[in-house]
Structure formats: C-alpha cells, structure tokens
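Residue numbers (our numbering): 366 to 750.
In structure tokens, the structure reads:
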C-alpha cells in the first residue's frame, strides 16, 4: 500500500497489524464503499448500533452517539485515504487524521502531500494559499509537505513565499513561518534579497527579522557551495549587521558568514573594520574578528587587527583579535601578535605558546588551536562571563 512512501515500513506494518486485528475481532464484514474519510468510521461501529435503532415492534428509537475517533479508526481509514486522496480533497480528508496527533500519521501525511504537489508550481501555489488561514497544526503540515516537494525550488514558489512573508496584513508569527521556509531555497533573486534585507533590519520586524536573516545566510551557504556566488548575500548581511537596531539580529548576520566560510574581498574586509570600530556590543565585535580571518588580503586583515587591538579595551575582544590574527595569516601574524603582547602583558604567555607551536612546524590553525595548553586562558568562553 505504501510502496511509494520511502522509509514508511513501520507505517505499513502498523496498518497490516491493525487491519488484521480488526478483521479477527469483527468477523467477515461488508465491503467498504469509496467515500470521504470520516463520513463513515467503521462498518463494525454501524452494525454495533443497528439493533438498537428500533425497539419492539419495529418502532425507531434515538440512534446512539457516533463512536469516538480512535487511533485504531485512524489506521483503518488510512488505507482508503492513501488510495483515493487527491490534492483537491487532501485538506478536508486529512483534518480528522491530523487531529489524532499520531507522529507516524503526520509523517505519512507530509510525505503524501509532497507527492501530490510534485514538481508542479501551480499545486505548490495552491497549498501556499491554504496556508494563509490554516490552523497552526495544519500550517506546519502544509509547510512540511511543500518543503518535501520537488516544486520547492521553483521561482514562482520562492516569489510567493517572499510575498507572503512580507505581507503586512498577516500576523507577524505567520509571516515568520513563511520566511523561515526561504532557507530551503537554492538561491535568492536580487530583487527578493533586497526586500528581505530591508525587512530584516526594520525595527518592527521582531522575531521575523531574525528568521529572515538566518534564511539569507543559509541560502548564501547553499548558493556559495554550488556556484561560488556569495557577494550579494554578504553585502546584505553586513548591511543588516551595521544597521539593525536589534543586537541578536546584528550578531546573527555576522555569524552566518562563519557558517558559509566564504572568502572576503577588500570591500567586505573594510566593512568589517568599520563594524569593529563602531559596534557597541562586545559579543558582536568578537564575531566580527572571527569573520575578518577570512579576508583574502592577509596584510589588510593584519593591519585591521593591529589597529582594532590598540583601540579595544575589552579583554575578551582583544583575545578574539589576537587568536584570529593567527587564523587569518598563520605564522606571518607572529610580528603583529608580538606587538599585541607588548601592548597588553596579559597576552605574553599566549604569544609564547603560538610562537613555540609554529616553530615546531605546525601550520594548520586548527592544529595550533587544539595544541594550546588551554583554549580559554582569559575565561572568555565561559557562558556566564
């Protein structure tokens, strides 16, 4: 029955076992008619009440209440659902099954909806239309089905998701749900990227702004790995990092570059230098120091590290500038690191550790880092710091 549902072996077994058990308990029943699930629950339920519908002499009495929609009923109905459901009937037919709150049934519904959508932009668009007013549980199912379909990466779907996410007539929570789905796209068109970045830095965007920033960063990583395209995304992320009034959003905008691990050109490097000199959050200055280590021009990066260290007063930000200078330029960073240790004597022992490790022939920063006596000599990695 579920041969087309990859990974649904447990589901098949469950249906088989329950259907078998029902047959043994009820005996030989009448053949079921092809009808909408929920219109008839079980033949056994109807037969159980048949003798009570009429009293002595054939006088009709009040029919009994409908049987409760149980897990067993759900599994029994699922076979018929699978064989006859269409996209047009999916929403109404899935409602009683969704209400059972069985994780296996929900997983099945998600995969079945993805199959029904397929690679069809029109069908994906119809599902997005349903999602505007869907209940939270149904919204989650619709988005999961869309996410699993082949149509997810289609331009029309991306455009509609963006439009719904930026629709001010919708609740901000619902908008955040649409915007979150953008993270699964293979790329973002320039016009959509411009709109999303503008929204992300808007003070009124709230949680949706954070979700949008994350989506931009995740699409950037995907696009960069496949095509090498990173500049338009970085430009928008650094704009968000410089202009958003929300500190978590600014932090995330810079953190997404760390996940992509994309090289920085001279313009992007200068933008990070400005963030290091103007950003009020110590945590954000630390992540900016990390990003700077990806600069293509190592000499430019070392100059920025040295200048930022001189002006910096926070110990933990200085520690970030010190160690990431080594990540940026390797052994060539030692002269700059030596000057840093002269400026702040607390770093003299750290400098000696780095100098010793480079002298031993180690050149890879990760090996240098894990060969240090401690990665947290100044207590900066303690969450409670």
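The beta-carbon is built from N, C-alpha and C at its ideal position, and this holds for glycine as well.
Sequence ranges, beta strand (DSSP E) only - wholly within the region 690-749, length at least 3: Within the region 690-749, complete beta strand (DSSP E) segments of at least 3 residues are not found at all.
Beta-carbon gap between residue 589 and residue 577 smaller than 8 Å: Result no, Cβ atoms of residue 589 and residue 577 do not sit closer than 8 Å.
The region 538-550 / the region 498-515 touching (three or more Cβ pairs under 8 Å): These segments touch.
The region 716-725 touching the region 663-679, judged by at least three CB pairs closer than 8 Å: No, they do not touch.
8 Å CB neighbourhood of residue 727 in its chain, flanking five on each side removed: Here the set comprises 733, 736.
Spatial distance of residue 550 from residue 584 (CA atoms): Between residue 550 and residue 584, the C-alpha separation is close to 6 Å.
Straight-line Cα distance separating residue 474 from residue 405: Caution applies to residue 405, whose pLDDT of 40 falls short of 50 and renders its modelled position unreliable; the value that the coordinates give is listed next. Near 20 Å, if we compare the C-alpha coordinates of residue 474 and residue 405.
Residues sharing a beta bridge with residue 660, DSSP: Under DSSP, residue 660 forms a beta bridge with 629.
Selected residue, minimal CA-CA separation from residue 743, among 476, 712, 506, 708: The residue with the shortest Cα to Cα distance from residue 743 is 712.
Residue environment, residue 651, which counts as buried when at least 16 other CB atoms sit within 10 Å: Buried, since its Cβ has 16 or more Cβ neighbours within 10 Å.
First and last residue of the uninterrupted alpha helix (DSSP H) at residue 517: Counting along the chain, residue 517 sits inside no alpha helix (DSSP H), nor does DSSP assign it H or E at all.
Distance CB(residue 597)-CB(residue 568) smaller than 8 Å: Taking the C-beta atoms as reference points, residue 568 is found no nearer than 8 Å to residue 597.
For residue 532, three-class secondary structure by DSSP: Correct three-state label for residue 532: coil.
Nearest residue (CA-CA) to residue 512, options 485, 528, 479: Per the C-alpha coordinates, the member of 485, 528, 479 positioned closest to residue 512 is 479.
Best match in 740, 698, 671 for proximity to residue 709 [C-alpha to C-alpha]: Closest by alpha carbon: 671.
Burial state of residue 664 (16 or more Cβ within 10 Å): By the 10 Å Cβ count, residue 664 comes out exposed.
Cβ-based neighbour list, residue 628, same chain, cut-off 7 Å, excluding 5 preceding and 5 following: Residues of the same chain with a CB within less than 7 Å of the CB of residue 628, apart from the 5 flanking positions on each side, are 659, 661 in chain order.
Three-state class that DSSP yields for residue 402 in the structure shown: Reliability of the predicted coordinates at residue 402 is poor, the pLDDT of 44 falling under 50, and no value is obtained from them.
Residue 619 versus residue 631: straight-line alpha-carbon distance, rounded: Their backbone Cα atoms lie some 17 Å apart in a straight line.
Residues of its chain near residue 723, where Cβ-Cβ distance is below 6 Å and the 5 sequence neighbours each way are ignored: Closer than 6 Å at Cβ, skipping near neighbours: 696.
Option in 603, 666, 626, 623 with minimal Cα separation from residue 644: The residue with the shortest Cα to Cα distance from residue 644 is 603.
Residue 649 to residue 685 span [Cα, whole Å]: The straight-line gap from Cα to Cα measures roughly 11 Å.
Enclosing alpha helix (DSSP H) for residue 558 [first to last residue]: First-last of the alpha helix (DSSP H) with residue 558: 555-565.
Residue 451 (DSSP reduced to helix, strand or coil): Three-state result, residue 451: coil.
Same chain, Cβ closer than 6 Å to residue 740, five either side skipped, listed in chain order: There are no such residues.
Within 8 Å, strictly: CB atoms of residue 687 and residue 702: Taking 8 Å as the Cβ cut-off, residue 687 and residue 702 qualify as a contacting pair.
Classification of residue 655 by the beta-carbon crowding that lies within 10 angstroms, buried from 16 upward: Within a 10 Å sphere around the beta-carbon of residue 655 sit 16 or more other beta-carbons, which makes this residue buried.
Residue 476 versus residue 459: straight-line alpha-carbon distance, rounded: About 12 Å.
Interface flag, residue 650 vs chain D, CB-CB below 8 Å: Note that chain D does not occur in the displayed structure, where there is just one protein chain.
8 Å contact criterion, which residue 617 and residue 579 should meet: CB distance rounded: Rounded to the nearest angstrom, the Cβ distance from residue 617 to residue 579 is 6 Å, consistent with a contact under 8 Å.
Integer-rounded CB distance, given that residue 575 should sit under 8 Å from residue 610: Contact flag wrong, Cβ pair sits at about 13 Å.
Backbone CA spacing between residue 447 and residue 599 [nearest angstrom]: Taking the straight line joining both Cα atoms gives about 45 Å.
Distance cut-off 7 Å: residue 506 Cβ against heavy atoms of the ligand SAM: In the structure on display, the ligand SAM does not appear, and there are no ligands present to speak of.
Pick from 606, 525, 680, 559 that is closest to residue 640, judged by C-alpha positions: With respect to the C-alpha of residue 640, the residue from 606, 525, 680, 559 having the closest C-alpha is 606.
Separation of residue 683 from residue 608, as counted between CA atoms: Each residue's Cα considered, the two are about 24 Å apart.
Cutoff 6 Å; reference residue 638; Cβ partners in own chain excluding five residues on either side: Excluding its 5 nearest sequence neighbours in each direction, residue 638 has C-beta neighbours in its own chain below 6 Å: 669, listed in chain order.
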